[in-house]
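Engineer:
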Amino acid sequence: MIKRDLFVKKLNIIIGYCIVFWCFFAFFFKANALNNFSSILLALGLILYICFDFKTAKTNFLSNLKSNFILLGALFILLSGAIIISLNPYFDSQKEFSKLLRRDFLFLVLLMLLSWLDKSNENQQKIIKFCFYAIIISFGVNLIYFFIQDIVAIESLNDRRHDSPSIIDRFFAPTFDVYFAFALIGCFFEKNKKLKIFFAFLLCVGIVFLILCGARGGLLAFGASLIFIIFVLIFKGVFSKKQLLSIISFIFIGILAFVITISQNDYLQVKYIQGMHSSGRDIIIKERFPLLLDSKFALSGLGAGDTQYQKFLNDQPAQIQEKLGPQVPNDKNPQIYKTHFWHDEPAILGIYWHYGILGSICFLFVICYLFFNSIKAFFLKNNYYLFCLGSSVFAYYFIAALFENFSDLKILINFCIIYLAFKIHAPNQQI
Numbered sequence: 205m206i207k208r209d210l211f212v213k214k215l216n217i218i219i220g221y222c223i224v225f226w227c228f229f230a231f232f233f234k235a236n237a238l239n240n241f242s243s244i245l246l247a248l249g250l251i252l253y254i255c256f257d258f259k260t261a262k263t264n265f266l267s268n269l270k271s272n273f274i275l276l277g278a279l280f281i282l283l284s285g286a287i288i289i290s291l292n293p294y295f296d297s298q299k300e301f302s303k304l305l306r307r308d309f310l311f312l313v314l315l316m317l318l319s320w321l322d323k324s325n326e327n328q329q330k331i332i333k334f335c336f337y338a339i340i341i342s343f344g345v346n347l348i349y350f351f352i353q354d355i356v357a358i359e360s361l362n363d364r365r366h367d368s369p370s371i372i373d374r375f376f377a378p379t380f381d382v383y384f385a386f387a388l389i390g391c392f393f394e395k396n397k398k399l400k401i402f403f404a405f406l407l408c409v410g411i412v413f414l415i416l417c418g419a420r421g422g423l424l425a426f427g428a429s430l431i432f433i434i435f436v437l438i439f440k441g442v443f444s445k446k447q448l449l450s451i452i453s454f455i456f457i458g459i460l461a462f463v464i465t466i467s468q469n470d471y472l473q474v475k476y477i478q479g480m481h482s483s484g485r486d487i488i489i490k491e492r493f494p495l496l497l498d499s500k501f502a503l504s505g506l507g508a509g510d511t512q513y514q515k516f517l518n519d520q521p522a523q524i525q526e527k528l529g530p531q532v533p534n535d536k537n538p539q540i541y542k543t544h545f546w547h548d549e550p551a552i553l554g555i556y557w558h559y560g561i562l563g564s565i566c567f568l569f570v571i572c573y574l575f576f577n578s579i580k581a582f583f584l585k586n587n588y589y590l591f592c593l594g595s596s597v598f599a600y601y602f603i604a605a606l607f608e609n610f611s612d613l614k615i616l617i618n619f620c621i622i623y624l625a626f627k628i629h630a631p632n633q634q635i
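Residues in the sequence shown are numbered from 205 upward in steps of one, following the working numbering.
Pasting the structure below:
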């Protein structure tokens, strides 16, 4: 019995570090293999814990399930519906279906995690701060990745042609949208001055990279998120007059630097002018969406993955296809042009395309639940960690997703996992 108790105690410590490791890769968009590995590692630890301390695991699971049943129920319906819809024999998409199963494995990890999370365990509460740090450090590693990939080989920014790819990969924008709130709130309230300076440095570099990537939706999400966070903090009375003056001064300097940067760079000027146009997204919505509404998939959706989406559009008559996207040279024969179907609908329309009416309702419910309950926990229980998460959901799903198709449910599950960990472990914690 003593050896078993000692093993369970050590296993608890190992699971704690596994969660921190998982948080590091949760939003690391360019490291799917490591993300999957961290999920498997966490799952193995949780399975051992359930086997060796089943009574405690059962108690924790039932308690946590009861208090989070609505969120988990909506997420379960969304994921189950995605699997059922994707079994449609009209599409040959075994590869996409296998991706669905890997994603649903992540949902099983979420359920097993409910067996371990125990709000009365003080040692587990300490893990939350490390998870918070892991997310911000992950932001720093992402910055290094994009710097090496996109900046190191560039001799002059003005040497880029106007029609060339962005200076920084556009994929940096959703990365920044997720991490920004964690870094900013950490910068405001972290007590360690060295860490505060480190967080501020990451923010400054991240903002520069965001400007260079030229993603207009990302810039809008950044601005809206910044205003939202500061407004909430002012409304709650967190800042003193001196702090508020410093923040306003910092924002003014940032706007001035932004204007000067654009005025001195031809490429960024082109991106700014481009921001006044829709880049064809209005055509995608006007021409393609009615086709789905008039089809037999109007209620159910097509199922997960681009395979179904491409096949559905390719099956349209040739005279209709020409209106559905730009004409680009064929890979095998450049003299022959074909219609390219970029999947750039807003996220909610992307969800509707793939998961139908029921999936769209569940998706909207989950993101609204995460957002409103996180902000509520901040006002009622002073939970700064959930405020970070709620602000991140706001930037990613409420703003940036109006312009980008963030319909990958894996990110949504990751948000739910971190939400539950922050809610159960740190109900009243400050940074």
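All C-beta atoms, glycine included, are put in the ideal place defined by N, C-alpha and C.
Using a 10 Å radius around the Cβ and a threshold of 16 neighbouring Cβ atoms, would you call Lys580 buried or exposed?
Structural biologist: Classification of Lys580: exposed, given that the 10 Å Cβ count is below 16.
Engineer: Is the Cβ-Cβ distance between Cys255 and Cys335 less than 9 Å?
Structural biologist: Cβ distance not < 9 Å, so Cys255 and Cys335 don't count as in contact.
Engineer: Trp557 lies in the alpha helix (DSSP H); which residues open and close that run?
Structural biologist: Segment 551–585, the alpha helix (DSSP H) holding Trp557.
Engineer: Starting from the C-beta of Phe187, find all residues in its chain whose C-beta is less than 7 Å away, skip the five residues before and the five after it, and write them out in chain order.
Structural biologist: Since the first residue of the chain shown is 205 and the last is 635, residue 187 is not available in this structure.
Engineer: Secondary structure at Met480, three-state DSSP: helix, strand or coil?
Structural biologist: The pLDDT assigned to Met480 is 49, lower than 50, so where the model puts this residue is not dependable; a value taken from the coordinates is nonetheless given after this. The answer is coil: DSSP assigns Met480 none of H, G, I, E or B.
Engineer: Determine the burial state of Phe403: buried for a count of at least 16 other Cβ atoms within 10 Å of its Cβ, exposed for fewer.
Structural biologist: Phe403 should be labelled buried.
Engineer: Can Gly570 and Leu317 be called in contact, C-beta distance under 9 Å?
Structural biologist: According to the sequence shown, residue 570 is Val rather than Gly. Contact flag unset, no.
Engineer: Exposed or buried, which one is Ser342 when buried takes at least 16 other CB atoms within 10 Å?
Structural biologist: Classification for Ser342: buried.
Engineer: Tell me whether Lys199 is buried or exposed, calling it buried when 16 or more other Cβ atoms sit within 10 Å of its Cβ.
Structural biologist: No statement about residue 199 is possible, as the shown extent of the chain runs from 205 to 635 and does not include it.
Engineer: With three or more C-beta pairs closer than 8 Å as the rule, is the stretch 419–429 touching the stretch 599–606?
Structural biologist: A contact exists between the stretch 599–606 and the stretch 419–429.
Engineer: Assuming the contact rule is C-beta atoms closer than 8 Å, Lys200 and Leu310 should be a hit. Round their C-beta distance to whole Å, please.
Structural biologist: Absent from the structure is residue 200, since the part of the chain shown begins at 205 and ends at 635.
Engineer: Beta carbon of Ile340, beta carbon of Leu406: below 9 Å?
Structural biologist: In this structure, Leu406 lies closer than 9 Å to Ile340 by Cβ.
Engineer: Using C-beta distances below 7 Å, list every residue in its chain close to Asn618, excluding the 5 sequence neighbours before and after it, in chain order.
Structural biologist: Same-chain partners within the cutoff: Ala230, Phe231.
Engineer: Go ahead and label Lys398 buried or exposed: buried means 16 or more other beta carbons lie within 10 angstroms of its beta carbon, across all protein chains shown.
Structural biologist: Classification for Lys398: exposed.
Engineer: With distances taken between CB atoms, is the gap from Phe567 to Ile389 smaller than 9 Å?
Structural biologist: No. Outside cutoff.
Engineer: What three-state label does DSSP hand Cys408 in the structure shown?
Structural biologist: If DSSP states are grouped into helix, strand and coil, Cys408 belongs with the helices.
Engineer: Distance, Cα to Cα, Ala502 vs Phe516?
Structural biologist: Between Ala502 and Phe516, the C-alpha separation is close to 12 Å.
Engineer: Give the straight-line distance between the Cα atoms of Lys440 and Tyr588, rounded to the nearest whole angstrom.
Structural biologist: Lys440 and Tyr588: Cα-Cα distance of roughly 12 Å.
Engineer: Using DSSP with H/G/I as helix, E/B as strand and the rest coil, what is Asn396?
Structural biologist: Correct three-state label for Asn396: coil.
Engineer: Tell me the rounded alpha-carbon separation between Ser368 and Phe375.
Structural biologist: The predicted model places Ser368 with a pLDDT of 48, which falls under 50 and marks its position as unreliable; any figure quoted below should be read in that light. One C-alpha to the other measures close to 15 Å.
Engineer: Quick check on DSSP: helix, strand or coil for Trp546?
Structural biologist: Coil.
Engineer: Who are the Cβ neighbours of Asp354 in its own chain at under 6 Å, not counting the five residues just before and after it?
Structural biologist: Excluding residues within five positions, the ones whose Cβ falls inside 6 Å are Ile372, Asp373.
Engineer: Taking the alpha-carbon positions, what's the Asn264 to Ile565 distance?
Structural biologist: Distance between the alpha carbons of Asn264 and Ile565: 29 Å.
Engineer: Counting C-beta neighbours from all protein chains within 10 Å, is the total for Gly277 16 or more, i.e. buried, or is it exposed?
Structural biologist: The residue is exposed, with fewer than 16 neighbouring Cβ atoms inside 10 Å.
Engineer: Going by the beta-carbon positions, is the gap between Tyr559 and Ala508 smaller than 9 Å?
Structural biologist: For Tyr559 and Ala508, yes; Cβs fall inside 9 Å.
Engineer: Look at the alpha carbon of Lys166 and the alpha carbon of Leu497, and state the distance between them as a whole number of angstroms.
Structural biologist: The chain is shown only over 205 to 635; residue 166 falls outside these bounds and no answer can be derived.
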